[in-house]
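*Asks:* Handing you a structure now.
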Amino acid sequence: MSTNRVINGQLASLLARFRHVNMIAVVDGPFPTYHNVET
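Start counting the sequence shown at 1295; every next residue gets the next number (my numbering).
The structure is reproduced here in structure tokens:
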């Protein structure tokens, strides 16, 4: 559990729902997006 604050609300929401079997990728702008994946 992280005790540091996350400023971005959408990122904080995603991290709150994150489980140990999920994966997250932090990428730059030209990375392709998919319809069923939260961006």
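Note that beta-carbon positions come from the ideal geometry of N, C-alpha and C, so glycine has one too.
On a predicted model such as this, the values are computed, not experimentally measured, just so you know.
Check this for me: beta carbons of E1332 and L1308, under 9 Å apart or not?
*Replies:* In the sequence shown, counting from the first residue as 1, residue 1332 sits at position 38. In the sequence shown, counting from the first residue as 1, residue 1308 sits at position 14. Yes, these two residues count as a Cβ contact at 9 Å.
*Asks:* R1311 lies in the alpha helix (DSSP H); which residues open and close that run?
*Replies:* Here residue 1311 refers to the residue found at position 17 of the sequence shown. That run of the alpha helix (DSSP H) goes 1303-1311.
*Asks:* If you draw a straight line from the alpha carbon of T1297 to that of H1314, how long is it in whole angstroms?
*Replies:* Numbered from its first residue, the sequence shown carries residue 1297 at position 3. Numbered from its first residue, the sequence shown carries residue 1314 at position 20. Inter-residue distance for T1297 and H1314 is about 17 Å (C-alpha atoms, whole angstroms).
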